[in-house]
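S.K.: If you're matching positions, the sequence shown starts at 0 in numbering that gives the first Met the number 0 and goes up one per residue.
Backbone N, C-alpha and C fix where the C-beta goes; we use that ideal spot for every residue, glycine too.
Attaching a single structure in structure tokens format; questions to follow.
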Amino acid sequence: MDTFGWIILGGLLMSAIALVGSLTIVLRPATLEHLILPLVSLAAGTLLGGAVFHMFPSGFAALSPIEGGVWLLTGFASFLALEQFLHWH
């Protein structure tokens with residue numbers, strides 16, 4: 000398959016996954032309320048994970064692997080502490 004075919008296939012798959020969100024319209028309010036918090040958590044974690052993995056190459060190019068790992072663990076620990084401190088759910 001050529002590059003254009005992969006682009007079209009990827010676009011169709013992403014659109015199909017995005018359409019899954021439209022199923023929330025037909026869910027009962029009780030079911031939706033039960034599912035919304037885990038789905039929002041999944042979305043936030045996915046965005047943070049994507050951002051971290053996109054910053055890995057430039058971060059580790061500027062720092063030594065030990066320094067980069069320490070800063071990465073510091074960031075994870077900071078987010079964990081913030082979540083525990085703001086325990087809102």
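Could you work out which residue in Ser-40, Phe-55 and Leu-62 is closest to Glu-82 when comparing CA atoms only?
M.R.: It is Ser-40 whose Cα lies nearest to the Cα of Glu-82.
S.K.: Quick one: give me the first and last residue of the alpha helix (DSSP H) that Leu-11 is part of.
M.R.: Run containing Leu-11: 2-18, per the alpha helix (DSSP H) assignment.
S.K.: Could you pull the start and end residues of the alpha helix (DSSP H) that Thr-45 belongs to?
M.R.: 28-61 is the span of the alpha helix (DSSP H), which, as asked, contains Thr-45.
S.K.: Using three-state DSSP, classify Leu-79 as helix, strand or coil.
M.R.: It is helical.
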